[in-house]
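Right, one structure below, let's go through it.
In full-length UniProt numbering, the protein residues as written are 1 to 371.
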């Protein structure tokens, strides 16, 4: 039978043991013995488990090599030959295909069409996507359903979208667009068969789909902006359009540059909408670079060597755009980081634009008041 004194002594021992456990940072058992530290994982990913990692990566690396790197190398070699799909042999011609490209009027026309298509697609998509993201950010009821509806176009098949728009712009009076303008008293038009409207209609299809993607990315960018930045702006009296101009847009600048570069690269590779809607016509008014490469390599004389040279020029242009975008994006991220660190970078002189222009010079008014 235990005595009360013994219980008290054991209680004191447990208390001392618990205190020692807290001081040492290691758990202890009731009898005071220190618990052993948890065993550390010592498996080296490059040693025992390295072959497993390699086995998991092998299918992806194999697919990348067979379907991307391999064809790219073959295409780069073919660009220096006069190879055709119908001829059994070919000869090395060096840079002759590249020199021909700079004197090819049809290729020049496709370059101009592609650049115009990029402007008609990317600029409206970025502007409208940002506006939709800002608008839905303030919606309370039905926000999830609204965002889902705006996201659906980017998940739809591009060929299916082009077919739907082809029916909408049907040249007959029964076409949806011609029916609508007929109600307004205008005459029906052959939208896809007119040189002045074929490319804008193709750009409308691509821009409608890109807007959905831009909206989703901008929505993520707005969500990532810290609430403390807006709180500092409110303290300094910066609200409404001024806050959008001097706080939100500068913080979204990295996102904007990413979207501009990424969507431009996508539009430079446009093929499906042109093939479905216009076949590059009328009179090559809607032929893009990729569509012209397809025509050269897989129709007519099947000049796969010349088509590979054109594809090589396109790849070089995309790489150049990516490098420029990387430099601009890094500068925008550095500026956005300075704005975030200085409490929205708002000055006390009543002109927020001055403080934001030289945001690295000193803290904003909220940070200055905290001192």
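Cβ atoms here follow ideal geometry from the backbone N, Cα and C, with glycine treated the same way.
So is residue 270 buried or exposed if we call it buried at 16+ other beta carbons inside 10 Å? buried
Does residue 273 come out as helix, strand or coil in the three-state DSSP assignment? helix
Leaving out the 5 sequence neighbours to the left and right, which residues in its chain are closer than 7 Å to residue 286 when beta-carbon positions are compared? The residues 113, 198, 199, 202, 274, 278 and 280, in chain order, have a CB closer than 7 Å to that of residue 286 in the same chain once the five nearest residues on each side in sequence are set aside.
Residue 307 versus residue 314 - alpha carbon distance: The C-alpha of residue 314 is placed about 11 Å away from the C-alpha of residue 307.
Helix, strand or coil for residue 344? Go by DSSP, reduced to three states. Residue confidence is low: residue 344 scores 43 on pLDDT, short of 50, so the model does not pin down where it sits. Its coordinate-derived value is still stated next. The answer is helix: DSSP assigns residue 344 an H, G or I state.
For a test of the three-state rule: what should DSSP assign to residue 191, helix, strand or coil? coil
In this structure, how does DSSP classify residue 81 when only helix, strand and coil are distinguished? strand
So which of 86, 216 and 237 has the shortest CA-CA distance to residue 301? Cα-wise, what sits closest to residue 301 is 86.
Taking the alpha helix (DSSP H) that residue 234 belongs to, which residues open and close that run? Counted as a single uninterrupted DSSP element, the alpha helix (DSSP H) harbouring residue 234 occupies residues 227-235.
Would you call the segment 116-123 and the segment 255-266 touching, i.e. three or more CB-CB distances under 8 Å? Three or more beta-carbon pairs separated by less than 8 Å link the segment 116-123 to the segment 255-266, which places the two stretches in contact.
Measuring alpha carbon to alpha carbon, tell me which residue in 56, 214 and 219 is nearest residue 137. 219
In its own chain, which residues sit with a C-beta less than 7 Å from the C-beta of residue 258, not counting the 5 before and 5 after it? 329
Proximity winner among 90, 245 and 106, relative to residue 296 (alpha-carbon distances): 106
Might you give, ordered along the chain, the residues of its own chain that have their beta carbon closer than 6 Å to the beta carbon of residue 130, omitting 5 neighbours on each side? A distance below 6 Å between beta-carbons, with the five flanking residues on each side excluded, links residue 130 to the following residues of its chain, in chain order: 218.
Rounded to whole angstroms, what's the CA-CA distance from residue 181 to residue 188? Just pull it up for me. 7 Å
Could you compute how far the alpha carbon of residue 304 sits from the alpha carbon of residue 191? 33 Å
Note down the Cα distance separating residue 185 from residue 168, rounded to an integer number of angstroms. When the Cα atoms are used, residue 185 and residue 168 turn out to be separated by approximately 18 Å.
Report whether the distance from the Cβ of residue 260 to the nearest heavy atom of the ligand NAD is below 8 Å. The ligand NAD is absent from the structure shown, which contains no ligands of any kind.
Nearest to residue 147 by CA position, among 299, 58, 248 and 216, is which residue? 216
Exposed or buried, residue 103, counting other C-beta atoms within 10 Å across all chains shown (16 or more means buried)? exposed
7 Å Cβ shell around residue 193 - same chain, five flanking residues per side excluded: Here the set comprises 171 and 282.
Have a look at residue 346 and residue 246 and give me their C-alpha separation to the nearest angstrom. With a pLDDT of 45 at residue 346, under the threshold of 50, the modelled position of this residue cannot be trusted; read the value that follows with caution. Their Cα atoms are separated by approximately 9 Å.
According to DSSP, residues forming a beta bridge with residue 92: 81
Quick check on the DSSP output: what are the complete alpha helix (DSSP H) runs of length 4 or more inside the segment 160-192, in order along the chain? 176-183
Quick check on residue 310: buried or exposed, where buried means 16 or more other Cβ atoms within 10 Å of its Cβ? buried
Whole-angstrom C-beta distance between residue 126 and residue 248, which should lie under 8 Å: About 15 Å; that fails the 8 Å criterion.
Contacting residues, own chain, Cβ-Cβ under 8 Å from residue 239 (five flanking each side not counted): For residue 239, where only same-chain residues beyond five positions count, the Cβ hits under 8 Å are 233.
Use the C-beta contact count for residue 55: other C-beta atoms within 10 angstroms, 16 or more gives buried, fewer gives exposed. exposed
Can you have a look at residue 110 and say buried or exposed, based on whether 16 or more other CB atoms are within 10 angstroms of its CB? The residue is buried, with at least 16 neighbouring Cβ atoms inside 10 Å.
Do residue 325 and residue 260 have their C-beta atoms closer together than 9 Å? yes
Using 9 Å as the limit for Cβ to Cβ distance, is residue 233 near chain C? Protein chains in the displayed structure number just one, and chain C is not present.
Same chain, Cβ closer than 6 Å to residue 90, neighbours up to 5 away in sequence not counted: 81, 82 and 83
Short of 6 Å in beta carbon distance, which residues of its chain neighbour residue 214, apart from the five on each side in sequence? Order them along the chain. 125, 126, 129 and 259
Look up residue 298 in the DSSP assignment and say whether it is helix, strand or coil. helix
Do residue 153 and residue 211 have their C-beta atoms closer together than 9 Å? yes
Taking C-beta to C-beta, are residue 162 and residue 272 nearer than 9 Å? Against a cut-off of 9 Å, the Cβ pair of residue 272 and residue 162 comes out as a contact.
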